[in-house]
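K.L.:
Mind having a look at this structure? Questions to follow.
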Amino acid sequence: MKTFLAIDIGGTFIKYGLVNEHAVILESGREAAPKELSACLDLIDDLAQKYPQSDGIAVSSPGAVGDDGIIYGSSALPYLHGPNIKELLEEKIKKPIFLENDANCAAYAEIWKGAAQGKKDIMVIVIGTGIGGSIMKEGKLHKGSQLHGGEFGYMLLDSSKNGRNDTWSRRASTAALIRSVAEVKKAAPDSLTGEQIFTMAEAGDQDCIQALEEFYHLLALGIYNLQYVYDPEIILIGGGISAREELITMIDDKLNDILTGIPDARIKPRIAACHFRQNANLVGAVYGFMVENIR
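Numbers 1 to 295, taken from the UniProt record's numbering, label the letters of the sequence shown in order.
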């Protein structure tokens with residue numbers, strides 16, 4: 001049975017897993033995301049040496065990933081943009097490399113073995129340090145003319161809070177949630193984590209409870225907009241936060257509030273967590289590797 005080393009490059013962590021051809025994660029772990037390109041390449045090389053039995057390396061990355069191996073656009077890791085990451089990894093590791101946008105990988109996972117099996121028109125939203133996304137049309141990735149199809153995080157939201165327009169990523173990512181709580185508590189953002197905020201809210205911290213209410217509302221607002229742009233069969237939510245059991249219920253409640261205030265709205269977005277949740281990027285990268293090498 002074939003196995004693949006899957007790598008998910010995120011703004012905070014690099015997750016990895018040994019995944020077989022049936023989407024089973026045999027081993028997994030994570031490391032802090034390096035602050036420089038050379039350190040990032042070295043880390044992936046070290047993981048490849050740790051799993052010499054793998055038949056290839058499947059990499060999920062932020063940004064607009066081109067077929068040429070260059071990652072365009074922007075992300076929380078600026079050093080990824082410009083160099084030919086695929087070529088650099090192939091030269092270093094001497095194994096086949098598959099490289100794809102993280103949200104596209106999540107969509108691959110869900111179409112393959114997840115919550116979107118049997119569906120053709122779906123959207124996937126990946127919530128992390130920023131917000132990424134993916135569009136599947138007729139069962140195939142829709143990347144757009146400039147590789148930015150599905151970059152939902154760049155949507156503008158009107159913000160009465162600071163009097164200017166902000167992107168959805170700036171307002172509704174986990175990083176935005178942390179900034180919001182840090183501002184109220186006059187703390188450094190790097191002194192808090194999303195997990196801590198959820199724990200404090202559960203303990204009754206009103207600042208965290210209020211920040212989460214706004215967080216869920218802003219997520220619902222963006223999802224509402226996406227539904228009426230594309231009208232997909234389902235919108236799936238991935239990223240680390242999708243591991244929280246209450247996430248879908250809370251967003252669904254906020255969608256009800258939005259629809260109640262808009263009499264003409266009749267279509268409620270159907271939302272669900274990615275079946276593979278925080279591991280969707282790893283599994284989908286492997287599926288992408290398999291699809292590309294079958295061609």
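Cβ coordinates follow ideal geometry from the N, Cα and C atoms, glycine included.
With C-beta atoms as the reference, is K120 less than 8 Å away from I234?
P.N.:
Going by C-beta atoms, K120 is not nearer than 8 Å to I234.
K.L.:
Indicate the three-state DSSP secondary structure (helix, strand or coil) for D166 in the structure shown.
P.N.:
Correct three-state label for D166: strand.
K.L.:
Kindly indicate if chain C contains any beta-carbon less than 8 Å away from that of H148.
P.N.:
No chain C appears in this structure, which consists of one protein chain only.
K.L.:
Take P189 and list the residues in its own chain whose beta-carbon comes closer than 6 Å to its own, dropping the five residues that flank it on each side.
P.N.:
Closer than 6 Å at Cβ, skipping near neighbours: I178, R179 and A182.
K.L.:
Grouping DSSP H, G and I as helix and E and B as strand, with all else coil, what is E195?
P.N.:
Note: E195 maps to helix in three-state DSSP.
K.L.:
According to DSSP, is D264 part of a helix, a strand, or is it coil?
P.N.:
Three-state result, D264: coil.
K.L.:
Measure the C-alpha to C-alpha separation of D55 and M290 and round it to an integer number of angstroms.
P.N.:
Answer to the nearest angstrom: the Cα atoms are 10 Å apart.
K.L.:
With a threshold of 7 Å on Cβ separation, who are the neighbours of K268 within its own chain once the five nearest residues in sequence on each side are excluded?
P.N.:
L255 and L259, listed in sequence order.
K.L.:
Tell me V19's beta-bridge partners as DSSP assigns them.
P.N.:
In DSSP, V19 forms a bridge with F4 and I25.
K.L.:
Alpha carbon to alpha carbon, how far is I111 from L226?
P.N.:
So the two alpha carbons sit approximately 19 Å from each other.
K.L.:
Note down, in chain order, each residue of its chain lying with its Cβ closer than 6 Å to the Cβ of E213, except the 5 sequence neighbours on either side.
P.N.:
Correct list: empty, nothing qualifies.
K.L.:
Y108 to E151, Cα distance in whole Å?
P.N.:
Rounded to the nearest angstrom, the two C-alpha atoms are 16 Å apart.
K.L.:
Which whole-angstrom value is the C-beta distance of T167 and G153, which I expect to be below 8 Å?
P.N.:
Sure, about 6 Å apart at Cβ, within 8 Å.
K.L.:
Any idea which residues DSSP pairs L236 with across the strands?
P.N.:
According to DSSP, L236 bridges with V124 and A272.
K.L.:
Starting from E110, follow the alpha helix (DSSP H) in both directions and report where the run begins and ends.
P.N.:
Unbroken alpha helix (DSSP H) run through E110: D102 to K113.
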